[in-house]
Amino acid sequence: DGGITQSPKYLFRKEGQNVTLSCEQNLNHDAMYWYRQDPGQGLRLIYYSQIVNDFQKGDIAEGYSVSREKKESFPLTVTSAQKNPTAFYLCASSIGPSSGANVLTFGAGSRLTVL
Amino acid sequence: DAKTTQPPSMDCAEGRAANLPCNHSTISGNEYVYWYRQIHSQGPQYIIHGLKNNETNEMASLIITEDRKSSTLILPHATLRDTAVYYCIVRVAGTGGFKTIFGAGTRLFVKA
């Protein structure tokens with residue numbers, strides 16, 4: 015079945031460590047997105063990529079980095095510069111930026127806890 | 004910032020219709036309205052989208068006003084499993100294309 019796979023589902027890290035969250039999709043979608051969600055809050059956009067080898071900052075990009083070397087993969091690195099990284103991270107994809115309707119498909123999420 | 008406003012919470016009796024409103028007064032002529040829902044600790048799930056006409060699928064109906072400044076998501080026979088946060092979305096223009104911004108959504112409680 016086509017979909018988005020995020021890993022790991024749960025991750026613990028110590029302060030000062032970088033950590034990379036994986037996001038893979040087999041939907042042949044051009045666009046991919048990373049969101050952060052804090053308890054009781056909505057989703058906030060971290061980074062998005064409309065095409066391979068290109069990505070843009072969202073509303074809360076500071077302390078995060080991404081790469082888009084392959085169409086199906088969009089890993090997110092949470093760096094030590096991110097002051098409050100404990101959160102639920104969601105990856106999504108869509109057909110592309112230019113199509114009339116742009117429905118997002120989400121992964122199951124990765125929950126990061128900084129100890 | 005999100006281009007939509009929604010009430011923070013609503014209640015609905017099981018078996019009754021749930022009507023969730025959304026205001027999007029700054030929507031441009033060619034932008035769609037999308038609805039998603041999120042059950043606790045899961046990824047959001049797509050429900051429905053529309054441009055001008057009313058839409059219906061197996062999950063819900065979407066009613067868009069003629070001036071397109073507001074819409075209503077209708078769950079015709081709400082069940083306890085419909086308890087979730089419902090997001091109304093209109094994309095915003097960003098660098099390199101449009102981006103999907105989520106507001107706080109409406110927390111729907113379906114009660115037995």
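Protein chains in written order, with my numbering: chain A, 15 to 129; chain B, 4 to 115.
Cβ coordinates follow ideal geometry from the N, Cα and C atoms, glycine included.
1. Looking at the C-beta of Gln64 of chain A, does it have a partner C-beta in chain B at a distance below 8 angstroms?
2. Would you identify the three-state DSSP class for Arg58 of chain A, choosing helix, strand or coil?
3. Suppose the cutoff is 7 angstroms on Cβ atoms and the five residues either side in sequence are ignored; what does the same chain contact list for Lys71 of chain A look like?
4. If the cut-off is 7 angstroms on Cβ atoms, which residues from the region 92–115 of chain B count as contacting chain A, listed in chain order?
5. Within the 8 angstroms Cβ cut-off, does His52 of chain B reach chain A?
6. Between which two residues does the beta strand (DSSP E) holding Glu83 of chain A run?
7. To the nearest angstrom, how far is it from the Cα of Leu25 of chain A to the Cα of Leu57 of chain A?
8. Determine the chain A residues that contact Gly46 of chain B at a beta-carbon separation under 9 angstroms, and present them in chain order.
9. Under 9 angstroms between beta-carbons, which chain B residues line up against Leu59 of chain A? List them in chain order, please.
10. Is Ala115 of chain A close to chain B? Criterion is C-beta to C-beta, closer than 8 angstroms.
11. Residues of chain A with a CB under 9 angstroms from the CB of Tyr37 of chain B: which are they?
12. Select from the region 67–93 of chain A all residues with a C-beta closer than 9 angstroms to any C-beta belonging to chain B, and list them in chain order.
13. Between which residues of its own chain and Thr72 of chain B is the CB-CB distance below 8 angstroms, once the five residues before and five after are set aside?
14. What is the rounded straight-line gap between the Cα of Trp48 of chain A and the Cα of Arg125 of chain A?
15. In three-state terms, what does DSSP make of Asp52 of chain A?
16. Would a C-beta distance cut-off of 8 angstroms place Val36 of chain B and Gly53 of chain B closer than the cut-off?
According to the structure data:
1. yes
2. strand
3. Tyr61
4. Arg94, Gly97, Thr98, Gly99, Gly100, Phe101, Lys102, Thr103, Ile104, Phe105, Gly106, Ala107 and Gly108
5. yes
6. Unbroken run through Glu83 of chain A: none, as it is neither H nor E.
7. Cα to Cα, Leu25 of chain A sits roughly 19 angstroms from Leu57 of chain A.
8. Ile18, Gln20, Leu104, Cys105, Ala106, Thr119, Phe120, Gly121, Ala122 and Gly123
9. Gly97, Lys102, Thr103, Ile104 and Phe105
10. For Ala115 of chain A, the answer is yes, since a Cβ of chain B falls inside 8 angstroms of its Cβ.
11. Ala115, Asn116, Val117 and Leu118
12. Asp68, Phe69, Gln70, Lys71, Gly72 and Asp73
13. Residue 72 of chain B is actually Lys in this sequence, not Thr. Excluding sequence neighbours, Lys72 of chain B sits near Asn26, His27, Ser28 and Ile30.
14. 13 angstroms
15. coil
16. yes
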